Structures are given as structure tokens and as C-alpha cells.
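With my numbering applied, the sequence shown covers 588 to 769.
Even for Gly, the Cβ is constructed at its ideal location relative to N, Cα and C.
Fair warning: this is a prediction, and the values are worked out from it, not measured in the lab.
Data block below; observations after.
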Amino acid sequence: MGAGLVTGSVALIGFGADSFIEVISAVALLWRFRKAGPNASAEERGDAERRALYLVAATFFLLAAYIGYEAVGALLSREGPEDSTVGLVLSVVSLLVMPALAYGKQRTGREMGSDALEADAVETWVCSYLSLALLVGVSLNATFGWWWADPAGALAMLPVIVWQGWETLGEAREKGHAGEES
Numbered sequence: 588m589g590a591g592l593v594t595g596s597v598a599l600i601g602f603g604a605d606s607f608i609e610v611i612s613a614v615a616l617l618w619r620f621r622k623a624g625p626n627a628s629a630e631e632r633g634d635a636e637r638r639a640l641y642l643v644a645a646t647f648f649l650l651a652a653y654i655g656y657e658a659v660g661a662l663l664s665r666e667g668p669e670d671s672t673v674g675l676v677l678s679v680v681s682l683l684v685m686p687a688l689a690y691g692k693q694r695t696g697r698e699m700g701s702d703a704l705e706a707d708a709v710e711t712w713v714c715s716y717l718s719l720a721l722l723v724g725v726s727l728n729a730t731f732g733w734w735w736a737d738p739a740g741a742l743a744m745l746p747v748i749v750w751q752g753w754e755t756l757g758e759a760r761e762k763g764h765a766g767e768e769s
């Protein structure tokens, strides 16, 4: 986020905010697995899973709100980011690492039957897409001076982020209703 604040890159700030939100999501999952480990009852596992899903859903909405606010502000003020070597390097490294991490989380979540871990994997995929938006936005600005490419790239991710938030919230609600029936 620091590099984004220095350069004025909304996509880079969004990428940093996403990384922070990913940490919150990871802490929620750590809590979920510690609270409902192998010796926990089905009810305890279900409750922990549901709570983790609610927290992961909230992180999607927080991310969308922050990126939307920053991107619209940048477009209205017609502020383009400064050239950012750090942004380019971070986005390339992220594009190399995040898809493998997302795939591993997805596979593990499926094997463990954890919707919360699978939702967290989607959040990691979103981080990969944000990295691509960051790379494209910063590159277009550096190459052609298209100041609007950076915030436009960030805004392009909002529908995906909000949709995933709603999906995750729906999964949490389903788990809540399933728990009420048993």
C-alpha cells in the first residue's frame, strides 16, 4: 500500500488493501481450523465454518468499497499514478505466485470440505486478477500516459469482487439454515 500511496496508483493501493484483507481472511481461517479441529463435533465445525464464511464475505465487501472509493476519486480528480517500478515488479511476482497459492487453497478446501477455505481461495484468485489489472494499468500509464487506465482497471474488478462477496454470504446463510434444521 505504501508504494501505491507514494505513486498515487489506485490499483496498487487496491492491491495492498487486498493483501491486508487476505491476511484478515487467513486469520479467520486459522481461527476456524483451531476452533473446530479434528476432535470437534459436527455442530462446532459447522458453526466455525459459518462464522469464517461471514468474515470472508465481509472482507470481499470491504475490498470492493475501498477500491471503488479510491478509483472513483482518482477518475473524478483526473489523477494518474506516477510511474511505478515497484508496482510492475509486485504485479509480476504476484502473477507468478498467487495462482498456485489459490489452486492449492481450492484443492485443500475441497478435500477438507471447507467452503470457507474455498471462498478464501477465490479471494486469492481475485488478488491474481487485481495483479493483472495493476500490471496493465501501470503499464498503459507508463507507456501511453493513459492516467485513467489504472483506476479503470481497478473498477473493472468490482463486479467480480462484489459477486464473490454475495456468493460467500449466501454460503454462510445456507450453513446457518442447515444448522437450524439439524
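- Here DSSP, grouped into helix, strand and coil, assigns glycine 732 to coil.
- The closest CA to that of arginine 760, considering only Ala729, Val709, Asp702, is found on Asp702.
- When the alpha-carbon of alanine 741 is set against those of Trp733, Ala729, Leu719, Thr755, the nearest one is in Leu719.
- Between alanine 644 and glycine 752, the gap from beta carbon to beta carbon is short of 8 angstroms.
- The stretch 617 to 625 makes no contact with the stretch 682 to 694; the number of CB pairs closer than 8 angstroms stays below 3.
- For the 8 angstroms CB-CB criterion, leucine 675 and leucine 642 do not form a contact.
- The Cβ atoms of aspartate 605 and leucine 650 lie closer than 8 angstroms to each other.
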